[in-house]
Structure formats: structure tokens, C-alpha cells
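Novice: Mind looking over this structure? Questions follow.
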Amino acid sequence: MEQTAEKKQVIFSGIQPSGTLTIGNYIGALRNFVTLQHDYDCIYCIVDEHAITVRQNPADLRRRCLELAAIYIASGLDPKQNLIYCQSHVSAHAELAWILGCFTYMGELNRMTQFKAKSAAHEDNINAGLFTYPVLMAADILLYQTNLVPVGVDQKQHLELCRDIAQRFNAVYGNVFTIPEGYIPKVGAKIMSLQEPGKKMSKSDPEDTYIALLDSPDVIRKKIRRAVTDSDGEIRFDPENKPGVSNLLSMISALTGTPVNQVVSDLQGVGYGELKNRTTEAVVTALEPLQREYQRLIADKAYLQSVIDENGQKASALATRTLRKVQKKIGFAPRG
Ligand code: AQP
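Here the sequence shown is numbered in my numbering, starting from 1 and rising by one per residue.
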């Protein structure tokens, strides 16, 4: 990270290497990371420990960690200015999570909607890690004395819990943790599934429900053409009653930087076919430079490995500072 005379505020965010990233991850999280990188000290983690709360094929997980590093960089994050590293390379995450777990109530975790949704989707594997996922997320954030967390709206509840845990800990031990704020985009904070627009678009759902960041223009066109809309034929932004159409409008608005009401008025008098053409154009245009850069980066595995190695060491040094402070406050025996 750049050393400047005046200390910048800290941003932390992470993405799971649990599948091919979607346009939802891009609009809700990734593209905001890029915008924020110059004004903050940014830490962008590949949260592989979170990913194993759902069974992962080891070879795929290993490969996806480097792919996600390539996506971070291809989307415009400079690995010399931002810490891009793997969560599992910094043992302080798991160590702090254990401690914070002792400051988190079962009732709080029971209320988490992601736990309810994921346990319904993985009935054969409702493991304790899935339940304590928000505690690990709190550790991720609090280790770096984070000020701001750019996330999609689906993570808001976890972030609120993180703040509660930090405040609870600080109330007992003094000002140990910075209390983080969320940074949730105004448009596109929740991109919906193409097939079930009442549901969030997710990278571990079936392929036709999402647009992957690495989908070819042809595949993108086909997926959007098959996206579920409705039968009234009117182009109007109304997420509750017209979730499919509103989802496409949100994507155009977020990717072109045009207010949604402007997008709607530009499309008056045309049909859903044209709405889908415009959506395709917006998505393809936004992803084209990212895909080109990704192909260049992914061919150089040694470089990607060096990025996560070097940044992992820097992250570890920062994280250990907070962890040691916490351990001391709690009363763990000092190291000789
Ligand atoms: N559909 C979405 N719209 C807006 N933002 C989204 N994010 C995810 N989906 C959308 C944001 O992307 C960041 C990384 O998410 P993650 O991979 O850590 O976990 P997730 O929220 O569980 O994402 P997925 O795609 O749904 O992953 P799986 O399928 O593995 O559970 C977060 O900031 C998230 O808000």
C-alpha cells in the first residue's frame, strides 16, 4: 500500500472464490472497489475460508483463487496500491474469529437470512461454519481497523452484526476495534437472477441464472434474451411488481452511469426485445476491457502467485498487530 504522510481511511472487502464471478458481484462490489482505491488504503481479500462453508472441489478452489486475483487486477485494482491476498494465508482471520465467536450470541446468528437461505439450499451439509460465517466476516473486517466496507445489500445484515460485536467488545475492553460503516451502491446493490428475478443473482446457482464476468458476448446475448420478464409489455421501473424488467433496467443504469428514470424514458415506445438488446450492449461494453486484461493475466500464473504471496505477508503483518492487542486485552499469556 502507498505510504502517505496523512493516513488514509481503511477499506476492507472480500469475495468468495466459490464460482465464476457474476455481473452481480461486479456491480454490487467489484466496480466500487476500483472507484475507491485511490482515496483509501484498500484491502481486497479472496475469502477462501468462507467458500468452504459449502463443499468445494479442491482443484477448482485452488484454481479459482488465482482466477479471482486475476479478476481483481483485470477490473482495475492495482496490486501495488491495494492488498490482494488469500484469507487462508493470514491465520489471524481464523484466530480472531474464534475469539469473536465468544462474543456473539446464538440468537444473533440464528436471525441471519443468508444462513437460512444457504441451509435450505444445502440441506445435506448444514455445518457449523455456515452458521458462524458472519463471525469470520467480522474478524476479516475488524482485523484491519476498517472504516468502510463496500458490499452488496445482501451483506448488510452481516455488517450490522459485525458492528454489534465490535461495540460489545469495545464496551468491555476499551477502544480496540474501529467501528466500520457499510458502503452500499445506490443502484445495483442487488442484481437479481435472470430466471427467478425475485431472487439474488448468485455465482453458485445454475448457469442460465447469471451472467459470468467471463461469458462471451454471444453467451451474454443468449442469457439475456432468455431472461424472465413479464407479459404486460410496459417498460417501467417497479422491482416489486416487475422484477425481471426492473433488473435489466438496473443493470443498464449501473453499467452506463445513467439514472434509472432516464434509462426508462430513453426506452419509451420500444418492446422488451430492445430492452434486452440495450442490456446486452451495456454488459458487453462494460466487460470487454476486463475480459481482455484477464486473459493476459491468467496466462502468467507466476505473477499472480507473487501478488498473493507478497500481499499476504503485508496483510499478515497488519492483522497480527490487531490480533496481539486483542489477545493481550483478553488476558492470554504474553509471548516471551
Ligand atoms: N446479485 C448481487 N447483486 C449485488 N451485489 C452482489 N454481491 C453478490 N451477489 C450480488 C456482492 O458481491 C460481493 C461478494 O460476494 P461473495 O462472493 O462473498 O458472496 P455472496 O454475496 O454469497 O455472493 P454469491 O455470488 O451469491 O456467492 P455464492 O453463490 O457462493 O453464495 C459481496 O459484497 C456481495 O454483497
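Cβ coordinates follow ideal geometry from the N, Cα and C atoms, glycine included.
What you are looking at is a predicted structure, and each value in this text was computed from that prediction instead of being measured.
Which two residues bound the contiguous alpha helix (DSSP H) that contains leucine 130?
Specialist: 128-142
Novice: What span of residues does the alpha helix (DSSP H) with isoleucine 165 cover, start to end?
Specialist: 156-173
Novice: If you run the structure through DSSP and keep just helix, strand and coil, what is glycine 257?
Specialist: coil
Novice: Can you tell which of Tyr173, Cys86, Gly198 has its C-alpha closest to the C-alpha of glutamate 67?
Specialist: Cys86
Novice: Give the single residue among Asn277, Leu36, Tyr72 whose Cα lies nearest to the Cα of asparagine 401.
Specialist: Only positions 1 to 336 of the chain appear in the structure, and residue 401 is not among them; the question remains open.
Novice: Is isoleucine 191 near the ligand AQP, in the sense that its beta carbon is under 6 Å from a heavy atom of that ligand?
Specialist: yes
Novice: Within the same chain, show all residues whose beta-carbon is closer than 7 Å to that of lysine 325, passing over the 5 residues directly before and after it, in chain order.
Specialist: Val176
Novice: Starting from phenylalanine 115, follow the alpha helix (DSSP H) in both directions and report where the run begins and ends.
Specialist: Per DSSP, the continuous alpha helix (DSSP H) segment holding phenylalanine 115 begins and ends at 113-121.
Novice: Restricting to Cα atoms, I'd like to know which of Thr146, Arg225, Pro217 is closest to aspartate 41.
Specialist: The shortest C-alpha separation from aspartate 41 is found at Thr146.
Novice: Roughly how many angstroms lie between the CA atoms of serine 18 and serine 204, to the nearest whole one?
Specialist: 7 Å
Novice: Given a cut-off of 7 Å on the beta-carbon distance, is the pair serine 246 and phenylalanine 237 in contact?
Specialist: yes
Novice: Would you be able to state if there are at least three C-beta pairs under 8 Å between the segment 205-225 and the segment 176-186?
Specialist: Not touching, per the Cβ criterion.
Novice: Between the alpha carbons of leucine 96 and leucine 143, how many angstroms are there, rounded?
Specialist: So the two alpha carbons sit approximately 8 Å from each other.
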